[in-house]
Amino acid sequence: MAPHVLVADDDAWILRMVATVLEKRGYSVETAVDGEDALVRALARTPDLLITDVMMPKMDGWALVRQLRSHTELAMLPVIFLTALSSEDDRIRGFRLGADDYVSKPFRFEELDLRVTKTLRRTQQAMVETREQLGGSGLRGDLAQVGLSSLLVLIEMERKTGLLQLRAPNGPSAQILVREGKVVHARLDDADEPVDAECVYYLLTWGAGEFEFISCLVEGVDRVSVSTTHLLMEGARLIDEDTHVSVSASISIPPLPSDDVL
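Residue numbers (our numbering): -2 to 259.
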């Protein structure tokens, strides 16, 4: 079955041209005229990829992606931002919300076609490999390929119990304990705070690093009272709260070294 792509933009010409290019490549394409329209369509039929403008009426692209990430079935949806905004802050904001790529207007349709192909191939391969590894006793990989939000969703879907270890490049490391797919405790290895849910919100800002999941018995009390869906929704809200202030600053811990920021 052909991949289903949802395209959201308030520019009718761009919608028509992007849809035409992708349909000629064999994709199934659905279009939305603003963020609210895109959200309704994505919830009605889960797309394999979202291409969205940022500046749209009713609901902008930032809010759209944040809303989508709050739904477990859409938390791993690959996203390409298509926008005239091109500042470094905008790019960081997009990637921290879980964007897979960023295409600046004006653009060549051949470039967009290439990025769509690469994004779908990379995402599908990463998800297949991650699912296969989760079926065993352990899993390790790159956070740049499979983000923490996707990992937590997969762990919840597979109802895994064990330890998820994370390590930022040249930076801190952390541990997340899960029981039957649910996060029960999280902490940094070399800092007393943040812990538990606040620690997960911080870790969701990591755009790069290594992870390893080890199946093991997890004892003790559940120190995280909310679901994975709530963690992802609140984490996305905090990330999007301020373009210029990271979640790490908002919870009063040192920011990651510059090498760790995409």
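Every residue, glycine too, gets a C-beta built ideally from N, C-alpha and C.
Nothing here was measured: the structure is a model prediction, and the numbers come from that model.
Task: Backbone CA spacing between PRO251 and PRO191 [nearest angstrom] - done: Here residue 251 refers to the residue found at position 254 when the sequence shown is read from its first residue. Here residue 191 refers to the residue found at position 194 when the sequence shown is read from its first residue. Because the pLDDT of PRO251 is 46, which lies under 50, any placement of that residue in the model is unreliable, and the question is left without a value.
- [ ] Please confirm whether HIS1 and GLU27 have their CB atoms less than 9 Å apart.
- [x] On the sequence shown, residue 1 is found 4 positions in, with the first residue counted as 1. On the sequence shown, residue 27 is found 30 positions in, with the first residue counted as 1. Yes. Within cutoff.
- [ ] In angstroms with no decimal places, state the Cα-to-Cα distance between VAL270 and SER25.
- [x] Outside the shown range of the chain (-2 to 259) lies residue 270, about which nothing can therefore be said.
- [ ] Report whether the distance from the Cβ of LEU235 to the nearest heavy atom of the ligand PLP is below 8 Å.
- [x] The model on display carries no ligand, and the ligand PLP is accordingly not part of it.
Open item on the list: In this structure, how does DSSP classify SER243 when only helix, strand and coil are distinguished?
Closed with: Start at 1 with the first residue of the sequence shown, and residue 243 comes out as number 246. Confidence at SER243 is low in this model, with a pLDDT of 41, below 50, so its placement is unreliable and no value can be given for it.
Task: Closest residue to THR43 among ASP57, MET73, ARG63, ASP7 (Cα-Cα distance) - done: Walking along the sequence shown from the start, residue 43 turns up at place 46. For the residues ASP57, MET73, ARG63, ASP7, the minimum Cα distance to THR43 belongs to MET73.
Task: For VAL62 and VAL76, the rounded distance between their alpha carbons - done: On the sequence shown, position 79 is the one that residue 76 refers to. On the sequence shown, position 65 is the one that residue 62 refers to. When rounded, the distance between both Cα atoms is 8 Å.
Task: Own chain, CB closer than 8 Å to SER67, minus 5 neighbours either side, in chain order - done: Position 70 of the sequence shown, counted from the start, is the residue given in the question as residue 67. Closer than 8 Å at the Cβ level, and outside the excluded window around SER67, lie THR226, LEU229, MET230, ALA233.
Open item on the list: If you reduce the DSSP assignment to three classes, tell me which class LEU36 lands in.
Closed with: Your numbering for residue 36 matches position 39 in the sequence shown. Helix, per DSSP.
Open item on the list: Tell me the rounded alpha-carbon separation between GLU177 and LEU148.
Closed with: Start at 1 with the first residue of the sequence shown, and residue 177 comes out as number 180. Start at 1 with the first residue of the sequence shown, and residue 148 comes out as number 151. Cα to Cα, the separation comes out at about 14 Å.
Open item on the list: So, at 7 Å on beta carbons, what are the nonlocal neighbours of ALA141 in its own chain, with the 5 sequence-adjacent residues on each side left out?
Closed with: Along the sequence shown, read from residue 1 onward, the residue named residue 141 stands at position 144. Excluding residues within five positions, the ones whose Cβ falls inside 7 Å are GLY204, ALA205.
Open item on the list: Less than 6 Å between C-beta atoms, sequence neighbours within five positions excluded: which residues of the same chain meet that for ALA98?
Closed with: Mapped onto the sequence shown, residue 98 falls at position 101. As written in the sequence, residue 98 is Asp, which differs from the Ala given in the question. Closer than 6 Å at Cβ, skipping near neighbours: ILE77, ARG112, THR116.
TODO: Spatial neighbours of ARG13 within its chain, please: CB distance less than 6 Å, with the 5 preceding and 5 following residues excluded, ordered by chain position.
DONE: In the sequence shown, residue 13 corresponds to position 16, counting from 1. Contacts found: none.
Open item on the list: Considering only their Cβ atoms, is the gap separating THR158 from CYS213 smaller than 9 Å?
Closed with: Counted from its first residue, the sequence shown places residue 213 at position 216. Counted from its first residue, the sequence shown places residue 158 at position 161. Yes, these two residues count as a Cβ contact at 9 Å.
- [ ] Rounded to whole angstroms, what's the CA-CA distance from GLU108 to VAL15? Just pull it up for me.
- [x] As a working mapping, residue 108 is identified with position 111 in the sequence shown. As a working mapping, residue 15 is identified with position 18 in the sequence shown. Cα to Cα, the separation comes out at about 11 Å.
Task: Buried versus exposed call for ALA5 [16 or more other C-beta atoms within 10 Å across all chains shown] - done: For the purposes of this step, residue 5 is taken as the residue at position 8 of the sequence shown. With 16 or more Cβ atoms within 10 Å of its Cβ, ALA5 is classed as buried.
- [ ] Provide the residue span of the alpha helix (DSSP H) that contains ASP193, from first to last.
- [x] For the purposes of this step, residue 193 is taken as the residue at position 196 of the sequence shown. From DSSP, the alpha helix (DSSP H) with ASP193 extends over 193 to 200.
TODO: Hey, could you find the ends of the beta strand (DSSP E) VAL2 is sitting in?
DONE: For the purposes of this step, residue 2 is taken as residue 5 along the sequence shown, with counting starting at 1. Start and end: 1 to 5.
- [ ] Check whether the Cβ atoms of GLN172 and ALA183 lie closer than 9 Å to each other.
- [x] By one-based count along the sequence shown, residue 172 stands at place 175. By one-based count along the sequence shown, residue 183 stands at place 186. Yes, the pair counts as a contact, with Cβ atoms nearer than the cut-off.
Task: 6 Å Cβ shell around ASP31 - same chain, five flanking residues per side excluded - done: If you number the sequence shown from 1, residue 31 lands on position 34. ASP7, MET53, PRO54, LYS55, listed in sequence order.
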